[in-house]
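One structure is given below, encoded as structure tokens.
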DNA sequence: GTCCAATGGTCTGAGTCCAGACCATTGACC
DNA sequence: GGTCAATGGTCTGGACTCAGACCATTGGAC
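Chains as they are written, first to last, in the UniProt record's numbering: chain A, 1 to 253; chain B, 1 to 253.
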């Protein structure tokens, strides 16, 4: 065994960077917190828009793979935070009450270095995964339901009048594109990225010019995906990411 | 509140797909299992090659953000599985003893549908993230240490003689590329993909032709990254992914 | 040879999470 | 109007995890 030993500080020093990068914190220990986080994100991003009813507790618990007790703690937290309201009895359930937040510049508060790094990382990672998702979606045979879903998500963005609704519809649009790929990893990656992006976008005011610009890019993405032009789709979404990132990097820096 | 209610089965039926895709199981309940999983993966992929010593328990526990007690349970499992051996006292520690597995065709066993789906998903996702990582790495200013790290990882693949070593060196090479981007999300994505890929690649025999082909593609990737040619790097790695995937899809199907 | 720093090994009490059974309320359906 | 299925609310015993202090072993520094 002694011959096999290569102590870790000195042994293969050039490879020392890999372990640091690869080992990451194992899940946030509090299952309950993770549930709150995930549900709150889904609600804020508009996956469950205001007024819709969440699935029954038993179903949600099964989907998140936590006990119902834990899920209920999370629900209680969401209730307390004013995101949802609950009614009992048949036909009851938990309804989303959160009024979507309106983007505004007021919140350009000081962000700590860790948050800052994470946000820049999200922008970088997004530039890879979202265009990739679009290309993938364009390369997959889409049934009519999928095509309709994409167009509706797009229409929702265009027709949103209030900034808050526009913000949610935009998130939903990007998530929808990811969904079309049929790849769970892709959906997870885009969800994570959109959650961080959402925070950032709430901190800058909405300019009609930006919205129009962004809508044109969305349209190009939709066209390319529906036409099956993978390269076009990727390029269009890359531009979109670049422009959004340019808008946000100032804020983050 | 009644006006706000839109019951979840019927309300906005077109959007029904989003929640299903977005909500994912909150991480594995057993922190201990997650530790085993992550450490075993790191060891199998060659992040910690045979003979190297893992970081001290206290440090690992801090990095994985679990208590030392939990980490030790994981270590005990790895020890029992023969992946590592532990010695006490100063200069002691936990040493990797796992002899890397040799790829072989014997293991092309029946895979259940869930595994099959996950593997196909990994191939699809990989085709997006790894080329994206290469492009990103090419666009980032790399210091000398980083350039040397990349070249060494590449050399290790080329100079590996035994199939088992080649397999690990290949994983390390791809992880190294991801590391160069400096993006934690990217590293996590590539790690996850490589873990699944590794399983698959162990189940097919190693053909010298394939290795030579793959090495040429690796070389092209390295050249492009070092030259800062993002598009070339992406394209080269895309080809590599496509070729590997073609090799594997037969196995998975 | 002695000291002691670094490392793995052990213990304890408190907090969290789980599985599942059971209760309470409500409205859909007949 | 009565029934009952669907939904949220509650409880319990046991398993897992945590934080941190303390013990045991080893080899390097002097």
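C-beta atoms are modelled at their ideal positions from N, C-alpha and C, and glycine is treated no differently. As the structure is a computational prediction, the values presented were derived from the model and not from experiment.
In this structure, the CA atom of residue 249 of chain A is about 37 Å from the CA atom of residue 67 of chain B. For residue 186 of chain A, the closest Cβ of chain B is nearer than 8 Å. A distance below 8 Å separates the beta carbons of residue 46 of chain A and residue 100 of chain A.
Per the DSSP secondary-structure output, residue 93 of chain A pairs in a beta bridge with A:87. Under the DSSP assignment, residue 214 of chain B falls in the alpha helix (DSSP H) whose first and last residues are 208-226. The Cβ of residue 132 of chain A sits closer than 8 Å to at least one Cβ of chain B.
Residue 216 of chain B counts as exposed, since fewer than 16 other C-beta atoms from the protein chains shown sit within 10 angstroms of its C-beta.
Excluding the 5 residues flanking it on each side, residue 195 of chain A has same chain C-beta neighbours closer than 7 Å at 41, 45, in chain order. At the C-beta level, residue 173 of chain A and residue 198 of chain A stay beyond 8 Å of one another. The alpha-carbon separation between residue 232 of chain B and residue 222 of chain B amounts to approximately 10 Å. Bounds of any alpha helix (DSSP H) do not take in residue 24 of chain A, whose DSSP letter is neither H nor E. When DSSP states are grouped into helix, strand and coil, residue 196 of chain B belongs to the helix group. Residues 149, 150, 153 of the same chain have their beta carbon placed closer than 7 Å to that of residue 176 of chain A, with the five preceding and five following residues left out of the count. Partner residues in the beta bridge of residue 53 of chain B, as assigned by DSSP, are B:95. For residue 124 of chain A, the nearest CB of chain B lies under 8 Å from its own CB, placing it at the interface with that chain.
The three-state reading of DSSP puts residue 174 of chain B in helix, counting H, G and I together. If you ignore the 5 residues before and after residue 157 of chain A, its C-beta comes within less than 7 Å of the C-beta of 166, 169, 170, 173, 215, 218, all in its own chain and listed in chain order. Contacts with chain B at 8 Å (Cβ-Cβ) do not include residue 114 of chain A. Taking all protein chains shown into account, residue 80 of chain A has fewer than 16 neighbouring C-beta atoms within 10 Å of its C-beta and is therefore exposed. Put simply, the CB of residue 121 of chain B is near chain A, with a gap under 8 Å to one of its CB atoms.
Apart from sequence neighbours up to five positions away, no residue of its chain approaches residue 143 of chain B with a beta-carbon distance below 7 Å. Relative to the Cα of residue 190 of chain B, the nearest Cα in the group B:134, B:147, B:206, B:212 belongs to B:134. Contact between residue 193 of chain B and residue 126 of chain B holds: CB atoms are separated by about 4 Å, below the 8 Å threshold. Here the alpha carbons of residue 37 of chain B and residue 30 of chain B stand approximately 11 Å from one another. The beta-carbon separation of residue 237 of chain B and residue 124 of chain B, rounded to 15 Å, does not stay under the 8 Å limit for a contact.
Taking 8 Å as the cut-off, the Cβ atoms of residue 82 of chain A and residue 97 of chain A count as close. When the five nearest sequence neighbours on each side are left out, the beta carbons in the same chain lying within less than 8 Å of the beta carbon of residue 56 of chain B are those of 93, in order along the chain.
In this structure, residue 181 of chain A lies near residue 137 of chain A, with their beta-carbon atoms less than 8 Å apart. Where residue 118 of chain A is concerned, the enclosing alpha helix (DSSP H) starts and stops at 113-139. In the three-state DSSP reduction, residue 43 of chain B falls in the helix class (H, G or I). DSSP, read as helix, strand or coil, puts residue 67 of chain B in coil. Secondary structure note for residue 155 of chain B: its alpha helix (DSSP H) is the uninterrupted segment 144-159. Remark: C-beta atoms of residue 76 of chain B and residue 35 of chain B do not approach each other more closely than 8 Å. Contact of residue 84 of chain A with chain B is not assigned, every C-beta pair being separated by 8 Å or more. Scanning chain B for C-beta atoms nearer than 8 Å to the C-beta of residue 183 of chain A yields 121, 124, 125, reported in chain order.
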